[in-house]
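S.K.:
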Amino acid sequence: MLIKHTKKSQLKESQLTSESVYKDRRNIIKGLGLTALSAPFTSFANASVFDLFSSDDKSGGGDSGTFKRTPLNATKNADFQSLTPLTPEDKILQYNNFYEFGTGKGDPSQYGQQFQVDPWSLSIEGLVDNPMTLYYEDLLKKFEIEERLYRMRCVEAWSMNIPWLGFTLASLLKQAGIKSNAKFVRFETVYDPEQMRGQKSRYVGGSIDFPYVEALTIAEAMNPLVLMSVGLYGKTLAPQNGAPIRLVVPWKYGFKSIKSIVKITVTDKMPINTWQAIGPNEYGFFANVNPNVDHPRWSQASERFIGEGNVFQQSRKPTLMFNGYEEEVASLYKDIDLKRYF
Ligand code: MTE
């Protein structure tokens, strides 16, 4: 999903207009049983390049020392323990998408090692009864942390099986108390150009207008599959995976799983997500994993599973509807045309 540097996504949410997509949006809102009107989508398109052939063999570690991950206690959730094979830990740590550190798969591990995650603050605001701020210690101690083995499927057609540690987004939102007129939950990554080279230079950061933004409907956000992850493979997250806290939405393409979150806003307006703003014809709001809806420039019918071995030794396997979580989430989309609202 690398963006060509010749085009810039200059548009902010508030500036985006397009009558046809605006109508589409109204249909989505109707389909969801929502009545709120919010800022229109854009028809502004941007090109991107499928990077299936990026090398996996990038070394992590950075220039001056490796980020220290600490062991985390977690209860193994019995419903999510049977996934095999797991992607080796070193692959999860070295093959990343985190454009704040650069567009190459090895950039986040190479340039993220000095990233400061403590102190950290995450605010929960907007249409909630109890706005709150969680500090670094709260992220690790305030909620019961469990381990769940989930499939992760990137829109670029590669996949991993990851043992995440975290707590449900629903448990957090319940504490905050969602007001009855709320429709969406919006997430924002930290904006810190001094620490994130991709935010300092549009060239390094793939021309993205940072901060990176993602969003879910309230019904999606409350689904018990959605995790706020604070770790993987028994330890706290590394910066390249979104330390200290990131979203994990296993039935959606990986770009929905926003990293290093500092702000969660409960809102009645449909947010524009980062990739949707860059290329609405290629990346939708829902971004549900779906083998029957191809990306405009490549098939989504199969995926390259990142397991042992190098890119040539890794197998292709069929893409599963909702990434294998159909039973848990299909009912959320029963009245929605998934080809149209991809
Ligand atoms: N979050 C932020 N803030 N910036 C990003 O560039 N990339 C997304 C997602 N979250 C991204 C992000 C994409 S495209 C994917 S596939 C996943 O993170 C990758 O997560 P991983 O590197 O931990 O496998």
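The numbering used here applies: residue 946 is where the sequence shown begins, and numbers increase by one.
We put the beta carbon where it would ideally sit given N, CA and C, even for glycine.
(1) Looking at the structure shown, is Phe1200 part of a helix, part of a strand, or coil, going by DSSP?
(2) State the start and end residues of the unbroken alpha helix (DSSP H) segment that holds Arg1147.
(3) For a cutoff of 8 Å on Cβ pairs, would you count Lys1208 as touching chain C?
(4) Terminal residues of the continuous alpha helix (DSSP H) containing Ser1054?
(5) In whole angstroms, what separates the C-alpha of Lys1284 from that of Ser1202?
(6) If you follow the alpha helix (DSSP H) that Glu1159 is in, where does it begin and where does it stop?
(7) Determine the DSSP secondary structure at Gly1179, reduced to helix, strand or coil.
(8) Is it true that the CB of Ser1205 sits closer than 8 Å to the CB of Gly1187?
(9) If you measure between the beta carbons of Phe1287 and Val1238, is that distance less than 8 Å?
(10) Could you tell me whether any non-hydrogen atom of the ligand MTE is closer than 7 Å to the CB of Lys1208?
(11) With distances taken from CA atoms, which of Gly1151, Ile1251 and Glu1272 is nearest Gly1224?
(12) Ser1276 by DSSP, collapsed to three states: which one?
(13) Please confirm whether any heavy atom of the ligand MTE lies closer than 7 Å to the CB of Gly1229.
(14) Does any heavy atom of the ligand MTE sit closer than 7 Å to the C-beta of Gln1039?
(15) Taking all protein chains shown into account, decide if Lys1128 is buried (16 or more other Cβ within 10 angstroms of its Cβ) or exposed.
(16) Given Asp1282, which residues of its chain have a CB within under 6 Å of its CB, disregarding the five upstream and five downstream residues?
(17) Check whether the region 1042 to 1052 touches the region 1153 to 1170, taking contact to mean three or more Cβ pairs, one atom from each stretch, closer than 8 Å.
(18) Can you tell me where the beta strand (DSSP E) holding Glu1092 begins and where it ends?
M.R.: Let me spell this out:
(1) In the sequence shown, residue 1200 corresponds to position 255, counting from 1. Phe1200: helix per DSSP, three-state reduction.
(2) Along the sequence shown, read from residue 1 onward, the residue named residue 1147 stands at position 202. Where Arg1147 is concerned, there is no enclosing alpha helix (DSSP H), given that its DSSP letter is neither H nor E.
(3) Here chain C cannot be found, since the structure has a single protein chain.
(4) To locate residue 1054, count along the sequence shown from 1; it is residue 109. Here the alpha helix (DSSP H) through Ser1054 covers Asp1052 to Tyr1056.
(5) Translated into the one-based positions of the sequence shown, residue 1284 becomes position 339. Translated into the one-based positions of the sequence shown, residue 1202 becomes position 257. Straight-line Cα distance between these residues: approximately 21 Å.
(6) Locating residue 1159 in the sequence shown gives position 214, counting from the first residue. Note, Glu1159: premise wrong, no alpha helix (DSSP H); beta strand (DSSP E) at Val1158 to Thr1162.
(7) Here residue 1179 refers to the residue found at position 234 of the sequence shown. Coil.
(8) If you number the sequence shown from 1, residue 1187 lands on position 242. If you number the sequence shown from 1, residue 1205 lands on position 260. Contact flag set, yes.
(9) Along the sequence shown, one-based indexing puts residue 1287 at 342. Along the sequence shown, one-based indexing puts residue 1238 at 293. The answer is yes: Cβ separation under 8 Å.
(10) Within the sequence shown, residue 1208 is the residue found at index 263, counting from 1. The answer is no for Lys1208.
(11) As a working note, residue 1224 is residue 279 in the sequence shown. When each option's Cα is compared against that of Gly1224, the closest is Gly1151.
(12) Reading the sequence shown from its first residue, position 331 is the one you call residue 1276. DSSP places Ser1276 in the helix class (H, G or I) of the three-state scheme.
(13) Against the sequence shown, residue 1229 aligns to sequence position 284. For the ligand MTE, not one heavy atom lies less than 7 Å from the Cβ of Gly1229.
(14) Start at 1 with the first residue of the sequence shown, and residue 1039 comes out as number 94. No; taking the cut-off as 7 Å, the Cβ of Gln1039 has no heavy atom of the ligand MTE nearer than that.
(15) As a working note, residue 1128 is residue 183 in the sequence shown. Lys1128 counts as buried, since no fewer than 16 other beta carbons sit within 10 angstroms of its beta carbon.
(16) Translated into the one-based positions of the sequence shown, residue 1282 becomes position 337. Correct list: empty, nothing qualifies.
(17) yes
(18) For the purposes of this step, residue 1092 is identified with residue 147 of the sequence shown, where counting begins at 1. For Glu1092, the uninterrupted beta strand (DSSP E) segment begins and ends at Glu1091 to Arg1098.
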